[in-house]
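Here the structure is laid out as structure tokens; the discussion comes afterwards.
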Amino acid sequence: MNSGDLALAAKGVSKSFAQGDQRLVVLRDIDLSVSPGEWVGVVGRSGAGKSTLLHILAGLTDPDQGSVEIMGQALTGASPAERARIRNSRMGFVYQLHHLLPEFSALENVAVPLLLGGARFARAAARARDLLAEVGLAERLEHRPHQLSGGERQRVAVARALASAPAIVLADEPTGNLDRESAEGVVAVMSDLIRTTGTSFVVVTHDADLAGCGDKTLALLDGVLSAVAKPA
Ligand SMILES: Nc1ncnc2c1ncn2[C@@H]1O[C@H](COP(=O)(O)OP(=O)(O)O)[C@@H](O)[C@H]1O
Ligand SMILES: [Mg+2]
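Start counting the sequence shown at 12; every next residue gets the next number (our numbering).
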């Protein structure tokens with residue numbers, strides 16, 4: 012596939028950090044291609060470099076070597092303004108901690124990215140209402156983050172990530188702070204929304220079950236990304 016036809020194409024990505032007078036090598040020559048609508052899970056234990064990889068895929072951290080393209084547009088080497096434009100127009104994010112605005116309602120939190128993108132309030136609010144209904148929160152529109160359970164907050168975060176109809180969503184331990192039952196609920200709505208909208212999805216997690224829900228599962232070990240065979 013031509014890299015212009017891919018939602019995400021990372022090639023030869025390497026990253027190390029200074030550690031005293033040594034280098035800590037975190038990522039070694041990583042290639043990753045994500046097709047439109049494809050769901051990719053990356054599993055690795057704590058400290059394996061998952062967040063570092065995701066930050067590089069998001070254009071928030073520069074790799075030492077290698078490149079990242081989103082929908083055929085270069086993130087690596089692009090100006091900060093161009094990166095921000097690609098992030099805002101093409102990408103959505105879900106983190107371990109919800110990062111919702113505490114003073115804002117669930118509805119407003121989901122509407123904010125649309126308002127920042129220039130949408131009118133009525134239209135942004137209508138879309139936010141629809142998305143919140145899809146993640147099972149039709150009855151929680153006016154709740155503020157502290158009035159929601161952990162699982163509900165992550166559902167709002169999922170709705171927010173999808174608000175601007177991104178080509179790809181990147182998620183870093185989206186269920187890492189939740190009990191098993193809430194986590195399963197969040198995965199179910201996230202999976203529904205990702206699948207019905209045809210959004211590409213990359214999730215990094217230490218949870219092999221979550222990493223294994225997608226079309227393709229990769230393991231990050233000793234800085235190397237390799238395929239994990241699906242259990243029969
Ligand atoms: N900015 C940084 N400076 C130095 N070391 C870092 C930095 N970011 C991450 N690391 C190190 O890189 C390794 C991978 O970190 P991280 O990507 O957060 O792992 P994971 O998300 O898989 O737990 C860790 O050993 C961490 O200490
Ligand atoms: Mg991490």
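The beta carbon of each residue, even a glycine, is placed where N, CA and C say it ideally should be.
Short Cβ contact (7 Å threshold) for residue i with residue j
| i | j | result |
| --- | --- | --- |
| residue 215 | residue 168 | no |
| residue 143 | residue 170 | yes |
| residue 81 | residue 19 | yes |
| residue 120 | residue 111 | yes |
| residue 103 | residue 177 | yes |
| residue 39 | residue 209 | no |
| residue 146 | residue 180 | no |
| residue 155 | residue 116 | yes |
| residue 229 | residue 238 | yes |
| residue 83 | residue 24 | no |
| residue 124 | residue 175 | yes |
| residue 70 | residue 94 | yes |
| residue 192 | residue 107 | no |
| residue 63 | residue 37 | yes |
Delimiting residues of the beta strand (DSSP E) encompassing residue i
| i | result |
| --- | --- |
| residue 238 | 235–238 |
| residue 228 | 227–232 |
| residue 216 | 211–216 |
Presumed contact (8 Å Cβ cut-off) between residue i and residue j, rounded CB distance
| i | j | result |
| --- | --- | --- |
| residue 51 | residue 212 | 7 Å |
| residue 21 | residue 42 | 6 Å |
| residue 79 | residue 68 | 6 Å |
| residue 166 | residue 152 | Contact flag wrong, Cβ pair sits at about 12 Å. |
| residue 61 | residue 232 | Between residue 232 and residue 61 the Cβ distance is about 11 Å, and since that is not below 8 Å, they are no contact. |
Residues near residue i by beta carbon distance below 7 Å, same chain, minus five either side
| i | result |
| --- | --- |
| residue 196 | 162 |
| residue 198 | 186, 221 and 224 |
| residue 157 | 113 |
| residue 118 | 136, 139, 140, 143, 152 and 153 |
| residue 17 | 44, 45 and 46 |
| residue 85 | 78 |
| residue 194 | 186 |
| residue 122 | 135, 136 and 139 |
Cβ-based neighbour list, residue i, same chain, cut-off 8 Å, excluding 5 preceding and 5 following
| i | result |
| --- | --- |
| residue 189 | 161, 162, 165 and 197 |
| residue 57 | 217 |
| residue 34 | 27 and 28 |
| residue 226 | 49, 50 and 51 |
| residue 72 | 26, 63 and 66 |
| residue 127 | 99 |
What residue ranges within the region 13–101 form continuous alpha helix (DSSP H) runs of no fewer than 4 residues, ordered along the chain? As summarised for the region 13–101, the continuous alpha helix (DSSP H) elements at least 4 residues long and confined to that stretch are 61–68 and 91–101, given in chain order.
In chain order, which alpha helix (DSSP H) runs of at least 4 residues are fully inside the region 103–190? As far as the region 103–190 is concerned, its whole alpha helix (DSSP H) runs of at least 4 residues are 117–127, 132–145 and 161–173.
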